[in-house]
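Here the sequence shown stands for residues 847 to 1264, where the numbers follow my numbering.
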Amino acid sequence: MTKFTKEVGKILPILRKVFDPTPLQYNKYLSDLVNANVWLKREDLTPVRSYKIRGAYAFFDEVLSGNTEPNLFVCASAGNHAQGFAHACRHFKKKGVVFMPVTTPQQKVMKTTAFGSPNVTIRLEGDSFDEANQAAIEFAKVEGGQMVPPFDDKRIIRGQASVATEILDQIPDGQSIDFVILAVGGGGLAAGVTRYFRENSPKTRFRFVEPDGAPSLKTSLKIGKRVKLAQIDSFVDGAAVHIIGNENFRWLKDFKSDDVVLAPTNGVCATMVEILNVEGMVLEPAGALSIDTLKRLPANTLSGKNIVCIVSGGNFDFERLPEVKERALRFSGLKKYYILRFPQRPGALKDFLTMLGPEDDIARFEYLKKSARNFGSVLIGIETKRPENFKTLTSQLEKAGMRYQDITDNEIVGNLLI
């Protein structure tokens, strides 16, 4: 048994005082979908609905076991790390301060407060994580507080590796794991899980997944060193970072960039809606990444294999549900937006309605402006039950000589009008 495996093993009794192992569930729906055996490691079922609680407890336990015992702990986070941190502060009876951006949704602020009360104070600073993090660092220096990083720390990595220990204990006797699929943000989970499997299940292979709007690991592996992305899409907020952690990349740098799958944001939304409807599971965008990856890998890669998807979190703000559904419909080809050049004459709308099929429904109709004396621009959104129905509609539009533009995937125009 290696030193790392022993260190991870020491963390388990600490965690067992707080929560039982999260279940490893065989999923028939996904197994049938990819002709494989798919298990879901349900990290969305921890007390804080994400794996982040593991790293936080590992960090606190090691620090508090040392020669000096800090009276104050500090972190910066707008999401799952803050909740794991708050839970640990209350458990270990230590004062904590969480720095969050001013833009943090109230739901996350309330949940962090609930987990940490009465030990944790929340301070809203800056418009981004980077600004909140800098404020936290400066505060910790002045007050003598102990910073608890979200991912770039060996203690955090060892805590997240406890997920791997449970997976190997829970997989049915006689079964080996061919693939582990897991999301990557800062890299704490990926670094810990891969290290533990390499030492205890060396034949297991890995596929990592990042949102396509924040490909930090893939870009860094391609170039051969850590790269800070100039800008990222933060929709998949649990896995969207500008740069992967330094320590984490050191543990992951031997993987190939082809081992990292990039998931389109709208596709992840479609997976979230699908899993909610089929399995009744509420997942946050980052929590759906590993399941979404099953659809993006070649069928012959997965067929007949034993696969574990780590479901990293389920902290979903239901105020985001309308946007998630909207993105899912667009990705599935069931909703489109058009700008039409609409005749300004009696009966024009009636003529247009006759072009719609029995499965088409108008979800949005808005006059934008009168383009000319006889024509006006109209924004129209249409939902349908089958993607091929749009071919029929556009054929009807062209036959009638009606000019149109499909702006469904035009991000710039869409952000202005939709």
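Heads up, the beta-carbon is just placed ideally off N, CA and C, and yes, glycines get one too.
Name the DSSP bridge partner or partners of residue i?
| i | result |
| --- | --- |
| Tyr1250 | Leu1186 |
| Phe945 | Ala922, Arg969 |
| Cys1155 | Leu886, Ile1027 |
| Phe1211 | Ile1226 |
| Met993 | Val920 |
| Ala1109 | Pro1057 |
| Leu870 | Lys887 |
| Pro1181 | At residue 1181 the sequence reads Lys, which differs from the Pro that was named. Glu1229. |
| Phe1221 | Pro1189 |
Can the beta-carbon of residue i be found closer than 8 Å to that of residue j?
| i | j | result |
| --- | --- | --- |
| Val1107 | Arg1142 | yes |
| Ile1017 | Leu891 | no |
| Asp1206 | Thr1230 | yes |
| Phe1054 | Val1073 | no |
| Pro893 | His927 | no |
| Tyr897 | Glu1125 | no |
| Ile1137 | Thr1111 | no |
| Gly1033 | Ile1090 | yes |
| Gly991 | Val920 | yes |
| Ile1226 | Arg1210 | yes |
| Ile1023 | Thr1050 | yes |
| Asp826 | Gly1059 | With the chain represented from 847 up to 1264, any question about residue 826 goes unanswered, as that position is not in the structure. |
| Phe1052 | Asp1105 | yes |
| Lys887 | Ile1013 | yes |
| Pro839 | Phe1095 | A question about residue 839 goes unanswered here, because the residues of the chain that appear run from 847 up to 1264. |
| Val988 | Ile968 | no |
| Arg1259 | Ala1174 | Looking at the sequence itself, residue 1259 is Val, so the reference to Arg does not match. No, these two residues do not count as a Cβ contact at 8 Å. |
| Pro1144 | Gly1179 | no |
When you compare each of the options to residue i by their alpha carbons, which one comes out closest?
| i | options | result |
| --- | --- | --- |
| Tyr1183 | Glu1257, Leu870, Pro1057, Ile857 | Glu1257 |
| Ser877 | Lys1237, Asn1161, Glu1229, Ile1153 | Ile1153 |
| Glu853 | Glu1165, Leu1135, Glu1045 | Glu1045 |
| Arg1191 | Phe1221, Pro1204, Ala1174, Arg1210 | Phe1221 |
| Pro947 | Gln953, Phe961, Ala978 | Ala978 |
| Leu1098 | Ala1036, Thr1111, Leu1214, Thr967 | Ala1036 |
| Lys957 | Glu1234, Gly1160, Tyr1250, Leu1239 | Gly1160 |
| Asp1015 | Asp1255, Thr1238, Pro867 | Pro867 |
| Pro859 | Ser1008, Phe1095, Ala924 | Ser1008 |
| Ile857 | Arg900, Arg895, Thr1200, Ala882 | Arg900 |
| Asp1163 | Gln953, Lys1000, Leu970 | Gln953 |
| Phe1177 | Ser1223, Ile1185, Gly1113 | Gly1113 |
| Gln1021 | Glu989, Lys1237, Lys1151 | Lys1151 |
| Asn965 | Asn917, Glu1012, Thr950, Gln1242 | Asn917 |
| Phe1043 | Gln1242, Thr851, Leu1263 | Thr851 |
| Ala924 | Cys935, Pro996, Ile1002, Lys887 | Pro996 |
| Gln1077 | Glu908, Phe938, Pro1057, Val994 | Pro1057 |
| Cys935 | Leu886, Leu910, Ser974 | Leu910 |
| Lys863 | Phe938, Thr848, Gly1247 | Phe938 |
| Val880 | Gly1203, Ser1149, Asn1261 | Ser1149 |
| Ala902 | Asp998, Gln1242, Phe1198, Pro951 | Asp998 |
| Leu1243 | Leu1195, Thr914, Glu1212 | Leu1195 |
| Ala1246 | Lys849, Arg1232, Met1201 | Met1201 |
| Thr949 | Leu970, Lys940, Asp1100 | Leu970 |
| Asp1100 | Met1127, Lys1071, Leu1122 | Lys1071 |
| Asp1255 | Glu1172, Ala882, Thr959 | Glu1172 |
| Glu908 | Cys1115, Leu861, Leu1214 | Leu861 |
| Cys1115 | Leu1167, Pro951, Met847 | Leu1167 |
| Gln1006 | Glu889, Glu1165, Thr1065 | Glu889 |
Our contact map puts residue i next to residue j with C-beta atoms below 8 Å; I'd like the distance itself, whole angstroms only.
| i | j | result |
| --- | --- | --- |
| Ala982 | Phe945 | 4 Å |
| Val1157 | Leu1129 | 7 Å |
| Val884 | Leu1140 | 7 Å |
| Phe906 | Val943 | About 14 Å separates the two Cβ atoms, so there is no contact after all. |
| Ala904 | Arg1041 | Going by Cβ atoms, the distance from Ala904 to Arg1041 rounds to 14 Å, so no, they are not a contact pair. |
| Ser1223 | Ile1185 | 6 Å |
| Phe961 | Gln929 | 5 Å |
| Ala1085 | Val1039 | Not confirmed; about 15 Å, so no contact. |
| Leu1067 | Lys1102 | 7 Å |
| Gly1193 | Thr1238 | Actually they are not in contact, since the Cβ atoms of Gly1193 and Thr1238 sit about 22 Å apart, beyond 8 Å. |
| Ile1000 | Glu1093 | For the sequence presented, residue 1000 should be read as Lys rather than Ile. Their Cβ separation, rounded to whole angstroms, is 6 Å, which keeps Lys1000 and Glu1093 in contact under 8 Å. |
Ignoring anything shorter than 3 residues or poking outside the segment 886 to 942, list the beta strand (DSSP E) runs there in chain order. 918 to 922
List in chain order: all unbroken beta strand (DSSP E) runs of 3+ residues lying wholly within the segment 1026 to 1061. 1051 to 1057
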